[in-house]
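Worksheet: the structure to be examined is printed underneath.
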Amino acid sequence: MIEVYRHGFVCPKCGCVEYYPVHGRNIYQCRSCRHQTSVTAGTVMHRTHLPLTLWFWAIYLCATDKRGISAVQLSRTLGICYDSAWHLLDRIRTAMGQRDEKYLLSGIVELDDGYVGGPSHNGKRGRGTDKAKIVVAVSKTANSAPLFARMKVVDNVQGKTLQEIIDQYFVPKTKVECDGYRSYLNLEGVELILNSN
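When we follow the working numbering, the leftmost residue of the sequence shown carries the number 629, and every step to the right adds one.
And the structure:
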């Protein structure tokens, strides 16, 4: 709701900023065109039938439990049915994911690639393996404490792929710490700091 009404109420129909609340319902009515809009319209809570207190409680539980919360656990905690809890979690997770897409990494960012998956059967390790390839970027404070991380599964770790990640997720002129792998050496729009380890 903060996103929608950041600068106060603006009628979505005529743009008027004068309104009055309709008592007994959580809606505003425009003074000019009389268009009615809900306080939750355009938010993750749009067209909800659950009380807003349940929404805020669910958002709190999702944001504070570092292991995550299941729909079963949420339904028990909030006293709602499983289907409602599942849809609630789905909306919250989708909104959190969309919000994460807006963050850009800046300052000092450590960039590295890695490989994940089960045991390899081809006997190769490192960049020659057939495991899933990921690129990990972590922005850090001056004391090297992590601030924000981004991970992306990629088809390869070639320079073109890494440049696309830089262009999409990094603020220009960011300082990037990385190893001396050749794909990192020609990255544009960032200042490279090569690690010797």
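Built from N, CA and C at the ideal position, the CB exists for glycine as well.
For F776, the three-state secondary structure derived from DSSP is strand. Look at K788 here: in three-state DSSP terms it is helix. DSSP places S703 in the uninterrupted alpha helix (DSSP H) bounded by A699 to L706. Excluding residues up to 5 positions away in sequence, C639, C644 and Y647 lie with their Cβ nearer than 6 Å to the Cβ of C658 in the same chain. Each residue's CA atom was taken as its position, placing W683 and R695 some 19 Å apart. Closest by C-alpha distance to A770, out of V650, K803, T681 and I793, is K803. Inter-residue distance for S666 and R719 is about 18 Å (C-alpha atoms, whole angstroms). If the five residues before and after Q791 are omitted, its C-beta is found closer than 7 Å to the C-beta atoms of L815 and E816, all from its own chain and listed in chain order.
Residue pairing of A760 in beta bridges, as defined by DSSP: V744.
Taking 7 Å as the cut-off, the beta carbon of Y797 is found no closer than this to the beta carbon of C806. Straight through space, the alpha carbons of A777 and G735 are spaced by roughly 13 Å. One Cα belongs to L733, the other to R662, and the distance between them is close to 44 Å. Inclusion of I762 and V781 in the CB contact set at 7 Å is warranted, their separation being smaller than that value.
By the neighbour-count criterion, in which 16 or more other beta carbons inside 10 Å mark a residue as buried, D741 falls on the buried side.
From the listed residues L702, V818, V799 and A760, the smallest Cα separation to V785 is found for A760.
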